[in-house]
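Below is one structure, written out as structure tokens; the observations come after it.
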Amino acid sequence: MGRGGDGGANATSRSDVAATIPRQERKEEQLAVVLYGKRVDVTKFSRTHPGGQKVFRIFNERDATEQFEAYHSKRAIKMMEGMLKKSEPAPADVPLPSQSEIGKDFRAMIDKHIAQGYYEPCPLDELFKLTIVLGPIIIGACMLKGISFFGVTSPLLATLAIAFGFYLDGWLAHDYLHHSVFKGSVQKTVGWNNFVGYFLGFVQGYDVAWWRARHNTHHVCTNEHGSDPDIKTAPVLVFVRNDPRIAKALNAFQRYQQYYYVPLMAILDVYWRVESLMYIFARLPKTAMPLALMVAHHALLLWVYWAHLPYLLVLSYLRGFMTGIVVFATHYGEDILEADEVRGMTLAEQTAKTSRNITGGWLMNVLTGFISLQTEHHLFPMMPTGNLMKVQPDVRAFFKKHGLEYRESNLIECVKYNIKALAFEHLLY
């Protein structure tokens, strides 16, 4: 939605500045990250890193041990050992949060969960999730083409079913693209997860590479000002968070944001589809295949809705609203952190300040694709989401032991919390 979740229109990150310099005029940036107490030169490796260079710019001269372990397989971690042997110890002035008491305790909790089998998926659970995603989409499409179910062929009910399926599809694609379902060999962990993730991306009509470029960065630097792309919502939404400076800078349109925030969620499906296409067009011809998939998705969608075209708007509004309400509930009203502030934070400390769970038990977890357990998901992103409930007691105890706030609210309270973060009138007088 633009730049600057806190309204800082001129605030840019180091990676943003680098992106504005013409490639031919750039000197190769020297990049080094700190892993396991060693300063690892990743300048050459960054050229071929599957996750791109931006993450290395964000973690340049910074401890990235916990983030590295959270997002990489045992094989990838093993491959890093060669680079570690060639690396010197990190400078004394670089904070090493991963080696702090809370960092070591967090590592012990992960090892405990691995031993308990919580990183292994349950096939029946994954089959259930696929069923409640694809089932409504198939039933809705059949109804729109004249095939009745229990004597019903209502285009409105069909659209409700497809919208619900698309909504859950996004969460399920999210699971596979986090490589949290298939485990084992590289073919399984990467190949099979990616295959299903790309298929689900095609079903819902978004480009996977676009999503990954945003989402992976969001995970490793959640709510970091200038680095997390997900909180760059200005100029449409500017989260004031009781800051008089930001409140006074709002323009006439933005001063209605706490009122249009909720209905705005309905247009997010259109926004994400357009942004996805813009990502593809900016990278042609390399992205010819994703473009073909996007064209095929929309052609299929038009064919299904050809006799009921007005309901396409209903589909988009419903899907956008459901997804947006849940997405915004878990991070956007939480703390925004500066780069200097997070350098000394462990992953657990940063997650405690930037994530909020949605309460409601098992049913709410299923209806939100387990995104309602946002704290646990950010701590253990490669854990099958069906197991996040099982580790929740451990996380609560861990937070209590280390004096961290475990944030959770029901969905309505989360929405109210965001509206409060957008409010400004009380700061002008």
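Quick note: to get the numbering used here, add 205 to the position in the sequence shown (first position is 1).
Each residue gets a CB set at the ideal place from its N, CA and C atoms; glycine is no exception.
Nothing here was measured: the structure is a model prediction, and the numbers come from that model.
Integer-rounded CB distance, given that residue j should sit under 8 Å from residue i
i: V238; j: R267; result: 7 Å
i: G591; j: D330; result: 4 Å
i: T528; j: R561; result: Not quite, the Cβ-Cβ distance comes to about 17 Å (not below 8 Å), so this is no contact.
i: T422; j: V260; result: 6 Å
i: V425; j: Q272; result: 5 Å
i: M588; j: S305; result: About 23 Å separates the two Cβ atoms, so there is no contact after all.
i: R419; j: P440; result: Actually they are not in contact, since the Cβ atoms of R419 and P440 sit about 18 Å apart, beyond 8 Å.
i: Y323; j: K388; result: Not a contact, Cβ separation roughly 12 Å.
i: Y510; j: L361; result: Incorrect: roughly 12 Å between the Cβ atoms, too far for contact.
i: V467; j: A628; result: Contact flag wrong, Cβ pair sits at about 13 Å.
i: N623; j: Y537; result: 6 Å
Straight-line Cα distance separating residue j from residue i
i: E293; j: T551; result: 22 Å
i: G287; j: V245; result: 10 Å
i: L469; j: S481; result: 19 Å
i: D298; j: R252; result: 28 Å
i: E230; j: H583; result: Its pLDDT being 49, under 50, E230 is placed unreliably by the model, and the measurement read from it follows with that caveat. E230 and H583: Cα-Cα distance of roughly 37 Å.
i: E539; j: Q463; result: 16 Å
i: Q579; j: K625; result: 21 Å
i: W508; j: L405; result: 19 Å
i: G402; j: L496; result: 16 Å
i: L616; j: K283; result: 41 Å
i: L572; j: Y461; result: 30 Å
i: F407; j: H503; result: 10 Å
i: I451; j: K437; result: 15 Å
i: K605; j: T556; result: 14 Å
i: T358; j: L514; result: 15 Å
i: G345; j: M569; result: 23 Å
i: Q258; j: A366; result: 40 Å
i: W415; j: F250; result: 22 Å
i: G566; j: V443; result: 31 Å
i: F333; j: E630; result: 47 Å
i: G431; j: R262; result: 12 Å
i: N398; j: E581; result: 21 Å
i: S353; j: A501; result: 26 Å
i: I485; j: M494; result: 9 Å
i: F458; j: N447; result: 19 Å
i: A512; j: G351; result: 10 Å
i: M314; j: V547; result: 22 Å
i: S278; j: K393; result: 11 Å
i: V391; j: L489; result: 29 Å
i: I541; j: F533; result: 14 Å
i: L506; j: A368; result: 12 Å
Close Cβ partners of residue i (< 7 Å) along its chain, the five nearest in sequence each way excluded
i: L289; result: L240, Y241, K243, V245
i: I472; result: G525
Nearest residue (CA-CA) to residue i, options the options
i: L382; options: L506, F333, Y276; result: Y276
i: P265; options: L349, K491, Q235, A414; result: According to the sequence displayed, residue 265 carries Asn and not Pro. For the residues L349, K491, Q235, A414, the minimum Cα distance to N265 belongs to Q235.
i: D474; options: K558, T438, L542, G410; result: G410
i: D545; options: K309, E429, W416, F400; result: E429
i: Q321; options: L506, L362, L593; result: L593
i: S521; options: S278, T364, L498, I576; result: T364
i: R612; options: A553, A628, M587; result: A553
i: E543; options: D310, F486, L362, T427; result: T427
i: D599; options: M285, G308, H318; result: H318
i: V596; options: G608, F575, S614; result: F575
i: E610; options: P328, T559, I343; result: T559
i: A378; options: I352, Y484, L335; result: L335
i: A269; options: A295, A368, K291; result: A295
i: R417; options: W477, P328, C347, I307; result: W477
i: G308; options: E274, P326, P328, K291; result: E274
i: K621; options: A368, I563, F355; result: I563
i: I530; options: S577, N456, G256; result: S577
i: R312; options: E618, F585, R601; result: F585
Chain-order list of residues whose beta-carbon lies under 8 Å from that of residue i (same chain, five-residue window excluded)
i: N549; result: This sequence places Gly at residue 549; Asn is not what is there. Closer than 8 Å at Cβ, skipping near neighbours: P300, P302.
i: D310; result: F603, K606, H607
i: A487; result: none
Closer than 8 Å to chain D by CB, residue i
i: A501; result: Here there is only one protein chain, and chain D is not present.
6 Å Cβ shell around residue i - same chain, five flanking residues per side excluded
i: L518; result: none
i: G370; result: V338, P341, I342
Original post:
Do three or more CB pairs link the segment 365–382 to the segment 334–348 at distances below 8 Å?
Top reply: The segment 365–382 vs the segment 334–348: in contact.
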